[in-house]
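These protein sequence lines map, in sequence, to chains S and P. For the first sequence, the residue numbers in the numbering used here are 1 to 276. For the second sequence, the residue numbers in the numbering used here are 277 to 608.
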Amino acid sequence: MIDETLALTFRALRKWVRNPASIVPGLFTAIFYLLLFGSSFNPANLIPSGSGQGSSVLQTVFGGAPTYITYLAPAVICIILVFNMAFGGIDLVLDRQLGYLNSLLTAPVPRAAIYLSGVAQNLVKVLILGMLTFVVALLIPNGLKLPGSFGVVNFVGIFLAFILLGLGLSFIFTALALTVRSIDSLVAIVNFLTLPVMFMSNAFFPISSFPSWLRAIANVNPVTKANEAARLLVINGSLSSSQAATYGWDMAYLLVFAVLLGVLGSLAARRALRPE
Amino acid sequence: MTDIIQADGLTKVYRGKVKAVDHISFHVAEGEIFGFLGPNGAGKTTTIKMLNTLASITEGRATVAGHDVAKDPGAVRKSIGVVPQELTADDELSGTENMMLMARLHQVKGATAKARISTLLRLVDLDEAAGRKVKTYSGGMRRRLQLIMGLLHEPKVLFLDEPTLGLDVQTRSKMWHYIKGLNKERGLTVFMTTHYLDEADSLCDRIAIIDHGTIKVSGTPAELKEAHGGDIITLTLTDDKEDLTGFLSAIDGVKAVTRDGKVYRIKLPKTEKALPAIVAGVVQKEAEIEEITFSKPTLDQVFLDVVGRSMRDEGAAGSDSGWENIKMERAR
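Now the structure itself:
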């Protein structure tokens, strides 16, 4: 089963890499978000210039981020993850519509390999985009500024959070893509899901500023957890013990989220791949 | 010869109401090319899907290569090769890469895989183009690649769904040549659907015609033509002074005669048997023959007789979905 999963995953990734048109829009969106949200949502803009209070707002409300983009970058990576994961399913719907899926189903390929290769290909695609986004954030002027104590461990820690979030999302979005029969319905569902997931989170503003009902939702949103974990590392580098505890809880939450959606997704995928 | 496919009262009901296939029974002998014909929506695809483990069986039973389709789908998948109507090879991958992927998915590995891939590519004359991306292939080349992609695990039965859809006449006859070769040289059993009746006629050992979910007739093309078509002699005399209809009808071996002026159309099972008597009779009646032609029956006639409408009418509309797929494939 592992061999078939790998074979199918590499097939999809090879197609992806050979077709630059599939990477460029995702990357473009990331740059766009960083620049657009990074300047228009920047809270320092609200403070009259010259008052010198811009940086203190960042200090008190935005967790001590040196720039707003530093605060924003993990969130943009999360958004890139959610969006591209959601739309990555289009390839799988196309595989069904173009008969490719049937050619797998009539071959002695384990059904689980078909599902898991979908999960893996989507995860790898979005993680690569996520890493590229990270690099872009570092490169743009007045962008992501990492603390002096930032090291390889922090980088791994950040992407571990993104991997867990991505895994959970991939489990459910892949199952969804295998279930729907048309791209239209996939896009409709994805649009319905992604916007709330994105805005009902701590992506752009601290949750503390939310009304209580929204805060309740944002607090259970896995995007919030992944963001919080990644942000702690991006802003602080080495963590204090209380920050480390928060990171630990966030990761535990994301792990449970991934496992739960893994179970749910597997059941849905098995249903979707049954003979009609 | 043993039966490699057996269908017994096979029935498919979709969503509890749409009866796509209604208690059909048939068998395909090992080494046979079996043609499954019928207009669109007749149940062809549904039947193939049930035999391929893509659709569940509502009622009845089917075995493929000795395995029960419903109870042991895994074993069935190992013994079948499926060449779908759609072109599923990856555009961005080369012919060889596509073949390698299929080999891996069928657990064919290493040297065996390499050897089979090169043999198969040579078999359909794709060895030179094998390194090129599939998006540079012509329609005929894609079909050929599709054909051999289903053969890497050396299946016992090959399912071909419209193998020549959208191909020009020359490329079609080339495909026939490859399919026949596989059948003769490898003893591969072929179960195929097609819209082209001439294709069924020249390729298939036996055919079945399905309509409205039931099998209307089955047999060898020759049997069906004899039963439903028969030969037609068109006899044109130099004048129409005398009506010979009754006289001609009485000749042994003649089934029916229609007259239009000096032209007679004589339906009969076999031209060769009655032709001498007809000519002798006309001479004896002192009539003069201006022209005499005869035509062998075609499956078109059989189809018309059995289904009540021509396959061609259906064929034009029917190939649409196939074309859509090809276009989509290109666009990808």
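Heads up, the beta-carbon is just placed ideally off N, CA and C, and yes, glycines get one too.
H504/P and G314/P have their C-alpha atoms roughly 16 Å apart. Interface criterion met: the Cβ of G350/P is under 8 Å from a Cβ in chain S. T339/P is the residue among E438/P, A351/P, T339/P whose C-alpha sits nearest the C-alpha of T278/P. Of all C-beta pairs linking the region 417 to 426 of chain P to the region 361 to 380 of chain P, three or more are shorter than 8 Å, placing the two stretches in contact. Among the CB atoms of chain S, none fall inside 8 Å of the CB of D516/P. When the beta-carbon positions are compared, L232/S and L164/S stay at least 8 Å from each other.
For N221/S and N19/S, the gap between their C-alpha atoms comes out near 33 Å. For D507/P, the enclosing beta strand (DSSP E) has its first and last residue at 507 to 513. The beta carbon of A532/P sits no closer than 8 Å to any beta carbon of chain S. For the region 115 to 126 of chain S, there are no residues whose beta carbon sits under 7 Å from a beta carbon of chain P.
Less than 8 Å divides the Cβ of I486/P from the Cβ of A318/P. Residue burial is scored here from C-beta neighbours: K385/P has fewer than 16 other C-beta atoms within 10 angstroms and is therefore classed as exposed. Looking at L264/S, C78/S, L144/S, A269/S, the one whose alpha-carbon comes closest to that of G64/S is L144/S. With respect to F570/P, F467/P sits apart: the two C-beta atoms are not nearer than 8 Å.
The alpha-carbon separation between L214/S and I207/S amounts to approximately 8 Å. Closest option to L138/S, judged by alpha-carbon separation, among L101/S, Q243/S, T67/S: T67/S.
Taking a beta-carbon distance threshold of 8 Å, E475/P does not count as an interface residue toward chain S.
For R111/S, the enclosing alpha helix (DSSP H) begins and ends at 111 to 139. DSSP, read as helix, strand or coil, puts L286/P in strand.
Distance from the CA of L397/P to the CA of S494/P, rounded to the nearest whole angstrom, comes to 34 Å. Remark: fewer than three beta-carbon pairs, one from each stretch, lie closer than 8 Å, so the region 436 to 447 of chain P and the region 116 to 134 of chain S are not flagged as touching. Taking a 10 Å sphere around the C-beta of Q577/P, we find 16 or more other C-beta atoms and assign the residue as buried. Within the model, the alpha-carbon separation for S266/S versus I189/S is close to 19 Å.
Taking A75/S as the centre and dropping the five residues before and after it, the same chain places the C-beta of A203, N227 closer than 6 Å to its C-beta, in chain order.
Put simply, the CB of V187/S is far from chain P, with every gap to its CB atoms at 8 Å or more.
Taking a Cβ-Cβ threshold of 7 Å, the residues of chain S close to T364/P are L98, G99, Y100, S103, in chain order.
In the DSSP assignment, H471/P falls outside any alpha helix (DSSP H) and carries neither an H nor an E. Listed along the chain, the chain P residues whose CB falls inside 7 Å of the CB of D3/S are R380. Beta-bridge partners of G529/P (DSSP): none assigned. Between L511/P and I542/P, the gap from beta carbon to beta carbon is short of 8 Å. At least one beta carbon of chain P lies nearer than 8 Å to the beta carbon of A107/S. Residue environment: D367/P is assigned as buried (16 or more neighbouring CB atoms within 10 Å of its CB, all protein chains considered). Taking C-alpha positions only, R111/S is separated from I183/S by approximately 22 Å.
G371/P sits close to L402/P, with the two beta carbons spaced by under 8 Å. DSSP, read as helix, strand or coil, puts S149/S in coil.
Against I300/P, chain S offers no close residue; the least beta-carbon distance is about 18 Å (beta-carbon pairs closer than 9 Å).
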